[in-house]
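**Student:** Questions regarding the structure given below will be posed in turn.
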Amino acid sequence: MKIQAGVFAGALAIALAGCTDSVNDTGFAGLAQQTAEVEQSRFQQPEPGDTLAFPEDWGPHPQHRIEWWYLTANLETQNGRPLGLQWTQFRQALKPRPANAKPPEASAWPLDAAWMAHAAVSFEGEHWFEEKLARGDLGHAGARADPLQVWLDDWRLV
38 MKIQAGVFAG ALAIALAGCT DSVNDTGFAG LAQQTAEVEQ SRFQQPEPGD
88 TLAFPEDWGP HPQHRIEWWY LTANLETQNG RPLGLQWTQF RQALKPRPAN
138 AKPPEASAWP LDAAWMAHAA VSFEGEHWFE EKLARGDLGH AGARADPLQV
188 WLDDWRLV
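All residue numbers for the sequence shown refer to this note's numbering, where the first residue is 38 and numbers rise by one.
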């Protein structure tokens, strides 16, 4: 009887150890929590009156905390049936970099930004999607302005 009580108490302790308050959503892959210590003021903020210069502004802005590239298309099949496509790629900075900074050297160790891509297709009332996450420091993800290139592994906007 003592052995059964001990087994029950041990199982109960393990089960209760897994019961914790739910953690609040911390944003894109939990990075908001991990980068909270980096002062927002260290990142450049868009200001009224800022001018855009293309093609440079199609590319990345490492001095900003977050940016994204977004593409949507409402198409028709050869039979005239509607087809919706959507692709978005996000860059979440973990530390600010100067606007004129060159991309970091390829290395397995530094991490200045994380990237996420989301793709979706809508067709005849159905919706399919896929997401990918990557680090940019080894070339798995990134963006260039001229010519426009945005990629995450084998997903590419060119």
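Heads up, the beta-carbon is just placed ideally off N, CA and C, and yes, glycines get one too.
Here the structure is a predicted model, which is why all the values come from computation and not from measurement.
#1: If you draw a straight line from the C-alpha of Gln115 to the C-alpha of Pro83, how long is it?
#2: Ala157: which of Asn111, Leu89, Asp149 and Asp94 sits nearest, CA to CA?
#3: Report the three-state DSSP secondary structure of Glu113 (helix, strand or coil).
#4: Mark Pro99 as exposed unless 16 or more other C-beta atoms lie within 10 angstroms of its C-beta, in which case mark it buried.
#5: Determine the contact status of Gln126 and Ile103, defining contact as a CB-CB distance below 9 Å.
#6: Go through its chain and collect everything with a Cβ distance to Gly96's Cβ below 6 Å, but skip five positions before and after it.
#7: Secondary structure at Arg79, three-state DSSP: helix, strand or coil?
#8: When you compare the CB positions of Ala154 and Leu131, do they come within less than 9 Å of one another, or not?
#9: Taking the alpha-carbon of Phe80 as reference, which of Trp106, Pro133, Leu148 and Leu89 has the nearest alpha-carbon?
#10: In angstroms, rounded to a whole number, what distance separates the CA positions of Trp165 and Gly121?
#11: Tell me, which residues are paired with His155 by DSSP?
#12: Need the endpoints of the beta strand (DSSP E) that Gln186 sits in, please.
#13: Have a look at the DSSP bridge pairing and note the partners of Ala182.
#14: Please return the same chain residues whose Cβ sits closer than 8 Å to the Cβ of Pro184, not counting the five positions on each side in sequence.
#15: How many angstroms separate the CA atom of Tyr107 from the CA atom of Gln123?
#16: Using the Cβ count rule (16 or more neighbours within 10 Å means buried), how would you classify Leu89?
#17: May I ask which residues mark the beginning and end of the beta strand (DSSP E) holding Arg102?
**Tutor:** On the basis of the supplied data:
#1: Reading the sequence shown from its first residue, position 78 is the one you call residue 115. Reading the sequence shown from its first residue, position 46 is the one you call residue 83. Approximately 43 Å between the Cα atoms of the pair.
#2: By 1-based counting over the sequence shown, the position of residue 157 is 120. When each option's Cα is compared against that of Ala157, the closest is Asn111.
#3: Within the sequence shown, numbered from 1, the residue matching residue 113 stands at position 76. If DSSP states are grouped into helix, strand and coil, Glu113 belongs with the strands.
#4: As a position in the sequence shown, residue 99 is number 62, starting the count at 1. Under this definition Pro99 is a buried residue.
#5: Stepping through the sequence shown from its first residue, residue 126 is reached at position 89. Stepping through the sequence shown from its first residue, residue 103 is reached at position 66. No, the pair does not count as a contact, with Cβ atoms beyond the cut-off.
#6: By one-based count along the sequence shown, residue 96 stands at place 59. Closer than 6 Å at the Cβ level, and outside the excluded window around Gly96, lie Ala180, Arg181 and Ala182.
#7: Taking the sequence shown and counting its residues from 1, the one referred to as residue 79 is at position 42. Three-state result, Arg79: helix.
#8: Taking the sequence shown and counting its residues from 1, the one referred to as residue 154 is at position 117. Taking the sequence shown and counting its residues from 1, the one referred to as residue 131 is at position 94. Not a contact, by the Cβ cut-off of 9 Å.
#9: If you number the sequence shown from 1, residue 80 lands on position 43. The option with the nearest alpha carbon to Phe80 is Pro133.
#10: To locate residue 165, count along the sequence shown from 1; it is residue 128. To locate residue 121, count along the sequence shown from 1; it is residue 84. Approximately 10 Å, taken between the alpha carbons.
#11: Counting from one through the sequence shown, the residue named residue 155 turns up at place 118. DSSP, once it has assigned bridges, lists Thr125 and Glu168 as partnering His155.
#12: The residue you call residue 186 lines up with position 149 of the sequence shown. Residue range Gln186 to Leu189 is occupied by the beta strand (DSSP E) that includes Gln186.
#13: The count along the sequence shown starts at 1 and reaches residue 182 at position 145. In the DSSP output, where bridge partners are listed per residue, Ala182 has none listed.
#14: Position 147 of the sequence shown holds residue 184. The residues are Pro92 and Val195.
#15: As a first step, residue 107 is located in the sequence shown; it is residue number 70 there, counting from the start. As a first step, residue 123 is located in the sequence shown; it is residue number 86 there, counting from the start. One C-alpha to the other measures close to 8 Å.
#16: Taking the first residue of the sequence shown as 1, we reach residue 89 at position 52. Classification for Leu89: exposed.
#17: Indexing the sequence shown from 1 puts residue 102 at position 65. Careful: Arg102 lies outside any beta strand (DSSP E) and carries neither H nor E.
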